[in-house]
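Residue numbers (numbering that gives the first Met the number 0): 0 to 129. Written below as structure tokens is the structure these notes are about.
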Amino acid sequence: MRPRIESILQGIDSLLLEEKQAFQTIQRLAETRITNETKDTVIRTIFGLTKDERMQDISTRKLNQIETFKADWASEIADKGDNLWGAFSSGTKYTTHHFNKDATRREELKMFGASGDIDRAVWSTLSAAA
């Protein structure tokens, strides 16, 4: 029984350390200002665009999706500030509310699918830049 308790306590310590590191990353994101390159990178990550693709060459549907994202961007930047935390938040707002119209499917995609993958990719990119 004692080894099991020790294992559980080690797991809790590890989780607390990960949480502390995540909050430190959030603080760095909140302290780092956005550049035009940041916004471009977030858009390209969310919409699966390569660096070589030009906006005038993509489909009207995708352009409309980007416009929806830009509205989320504006509201999150206004709320959280002109920083990488606001940029990350705008991405998660888009993937949470606009990525899929079916609410049940949205939740599934957030946990196990494409929108969750996108959030993690944006987090990784922005936290590396902070």
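C-beta atoms are modelled at their ideal positions from N, C-alpha and C, and glycine is treated no differently. Quantities reported herein were computed from a predicted structural model and do not represent experimental measurements.
Checklist line | Simplified DSSP state of ASN35, which is helix, strand or coil | finding: helix
Item checked: Which listed residue (ILE25, ALA86 and MET0) has its alpha carbon closest to that of ASN35 -> ALA86
Next item on the list: Please specify which runs of the alpha helix (DSSP H), each continuous and at least 4 residues long, are wholly inside the region 24-74, giving them in chain order.
Entry: 35-46
Next item on the list: Identify every residue that forms a DSSP beta bridge with ASN82.
Entry: ARG32
Note to self: If you reduce the DSSP assignment to three classes, tell me which class GLY90 lands in.
What the structure shows: helix
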